[in-house]
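*Asks:* Under the working numbering, residues 4 to 54 are what the sequence shown spells out, in order. Ideal placement from N, C-alpha and C gives every residue a C-beta, glycine not left out. A single structure is presented below for examination.
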Amino acid sequence: MNYVRKICPVCGSEFSVLKNAEEKAVYCTLECLAKVQETSGNREGFLPAEQ
Ligand SMILES: [Zn+2]
């Protein structure tokens, strides 16, 4: 199976995911996902904060 390396946009950690799960795996842990949902109230993905 192929793995790809990704960088978590919340904490900056590098993590590996299966290539066929790459699209779903954006954050390294559910904890990081929860942080984003708390902050943005948006479940549709991570967007950079507006300046
Ligand atoms: Zn993370």
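Here's the rule: buried if 16 or more other CB atoms are within 10 angstroms of the residue's CB, otherwise exposed. What is residue 6?
*Replies:* Under this definition residue 6 is an exposed residue.
*Asks:* Secondary structure at residue 39, three-state DSSP: helix, strand or coil?
*Replies:* helix
*Asks:* In whole angstroms, give me the CA-to-CA distance for residue 23 and residue 31.
*Replies:* 16 Å
*Asks:* Return yes when the Cβ of residue 35 is within less than 8 Å of the Cβ of residue 13, no when it is not.
*Replies:* yes
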